[in-house]
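Numbering (my numbering), first residue to last: 5 to 246.
Positions of the beta carbon are idealized from the N, C-alpha and C atoms, including for glycine.
Data first, discussion second: the structure below is written as structure tokens.
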Amino acid sequence: MKTLRALFLRLVCAGFLAAAPAVAEVAQEAAGATPFTRDQLLSNLTRKLSEQFSLDGDLQLELIRPWASPARVARTWELQVLEFPSVPAASMMVRCRILADAVAIAEATFVVRAQLWRDAWVARQPITAGATFDPAALETRRVDLFRDRDVLPAAVGDRSYIFARAVAAGRLMTWRDIARRPLVKKGDLVEVSAVDGLLAVTMKALAMENGAQGDTVTVRNPESRKDFAAMVIDENRVQVRF
Numbered sequence: 005m006k007t008l009r010a011l012f013l014r015l016v017c018a019g020f021l022a023a024a025p026a027v028a029e030v031a032q033e034a035a036g037a038t039p040f041t042r043d044q045l046l047s048n049l050t051r052k053l054s055e056q057f058s059l060d061g062d063l064q065l066e067l068i069r070p071w072a073s074p075a076r077v078a079r080t081w082e083l084q085v086l087e088f089p090s091v092p093a094a095s096m097m098v099r100c101r102i103l104a105d106a107v108a109i110a111e112a113t114f115v116v117r118a119q120l121w122r123d124a125w126v127a128r129q130p131i132t133a134g135a136t137f138d139p140a141a142l143e144t145r146r147v148d149l150f151r152d153r154d155v156l157p158a159a160v161g162d163r164s165y166i167f168a169r170a171v172a173a174g175r176l177m178t179w180r181d182i183a184r185r186p187l188v189k190k191g192d193l194v195e196v197s198a199v200d201g202l203l204a205v206t207m208k209a210l211a212m213e214n215g216a217q218g219d220t221v222t223v224r225n226p227e228s229r230k231d232f233a234a235m236v237i238d239e240n241r242v243q244v245r246f
């Protein structure tokens with residue numbers, strides 16, 4: 005470091021550098037200090053917004069307003085979010101504090117334009133209402149979930165779902181296009197397991213409504229005509245716990 009400083013002093017004396025402050029600044033940078041760049045700002049904002057809202061997908065941000073980086077360098081930079089937006093959206097305001105070497109140097113509100121890219125399902129062929137969900141009938145397309153909020157992500161969907169309505173080929177699938185496949189249907193006779201600790205009793209009952217796995221449905225005892233609630237556990241099987 006002494007050799008480096010001596011070199012800069014010689015350059016100043018020779019007129020190659022204007023003044024001694026420039027020597028100090030270059031020496032500071034040489035010691036590991038760096039400026040806080042626009043890329044660092046966006047990277048920090050992206051990470052903090054993704055963590056705050058548990059976003060699943062590729063979040064991309066763009067500053068809407070001009071921003072000048074701090075006129076100094078530091079060994080460590082930190083961005084603290086003082087106020088998050090209430091919900092993630094295509095346009096957000098985020099109030100932040102910038103720290104240089106653990107010292108707060110600025111507070112600012114950043115207005116960002118956001119995109120959340122993720123694969124979504126598209127109908128490869130015409131879909132028939134009531135058919136079991138079949139990924140072979142679909143293909144994926146990269147979409148911005150902030151623009152197409154109701155689209156169905158490609159991570160969702162298995163044979164526990166059905167297509168709830170007809171869908172034309174080439175159309176993006178939405179959450180309204182699928183439903184959980186009912187394992188219990190209204191009017192069907194189902195097996196009821198009544199469980200109390202280690203004791204289990206089975207009986208037959210009439211389903212009074214449709215229900216998918218995990219749903220609570222009303223069933224009726226055909227002898228007493230009394231209705232009670234039970235949880236759907238399998239095809240035509242429900243369970244009551246005491």
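- Query: When the Cα atoms are used, what is the spatial distance from Met-97 to Arg-224?
  - Reply: Each residue's Cα considered, the two are about 54 Å apart.
- Would you mind working out which of Gln-243, Pro-39, Ile-182 sits nearest Lys-208, comparing C-alpha positions? For Lys-208, the nearest C-alpha among the options comes from Gln-243.
- Message: Give me the residue from Ala-234, Trp-81, Asp-148 with the minimum Cα distance to Leu-59.
- Response: By alpha-carbon distance to Leu-59, the top candidate from Ala-234, Trp-81, Asp-148 is Asp-148.
- Task: Tell me where the alpha helix (DSSP H) around Glu-55 begins and ends.
- Result: For Glu-55, the enclosing alpha helix (DSSP H) begins and ends at 42 to 57.
- Just to confirm, are Met-235 and Thr-220 a CB contact at a threshold of 8 Å? Yes, the Cβ-Cβ distance between Met-235 and Thr-220 is below 8 Å.
- Could you pull out every residue in the same chain whose Cβ sits closer than 7 Å to the Cβ of Ser-73, ignoring the five residues on either side in sequence? Around Ser-73: Pro-39, Phe-40, Thr-41, Arg-42.
- Message: Using beta carbons (cut-off 8 Å, strictly below), is Thr-113 in contact with chain E?
- Response: Within the model displayed, chain E is absent; a lone protein chain is all it includes.
- Item | Distance CB(Ala-211)-CB(Val-194) smaller than 8 Å | The answer is yes: Cβ separation under 8 Å.
- Query: So, using beta-carbon positions, are Glu-55 and Arg-117 closer together than 8 Å?
  - Reply: Cβ distance not < 8 Å, so Glu-55 and Arg-117 don't count as in contact.
- Is it right to say Trp-179 is buried, meaning 16 or more other beta carbons lie within 10 angstroms of its own, or is it exposed? Label assigned to Trp-179: exposed.
- Message: Let me check understanding here. Comparing Cα to Cα, which of Pro-226, Ile-109, Ala-124 lies closest to Asp-251?
- Response: Given a span of 5 to 246 for the chain in the structure shown, any question on residue 251 remains unanswerable.
- Going by Cα to Cα distance, which pick from Glu-227, Cys-100, Lys-189 is closest to Asp-238? Comparing Cα-Cα distances from Asp-238 to each of Glu-227, Cys-100, Lys-189, the minimum goes to Lys-189.
- Query: Do you know offhand how far Ala-2's Cα is from Ala-204's?
  - Reply: Summary: the structure shown does not reach residue 2, with the chain confined to residues 5 through 246, and so no result is reported for it.
- Query: What's the call for Gly-218, buried or exposed, on a 16-neighbour Cβ count within 10 Å?
  - Reply: With fewer than 16 other Cβ atoms inside 10 Å of its own Cβ, Gly-218 counts as exposed.
- Query: Taking three-plus beta-carbon pairs below 8 Å as touching, is the segment 133 to 147 in contact with the segment 157 to 165?
  - Reply: Enough Cβ pairs lie closer than 8 Å, so yes.
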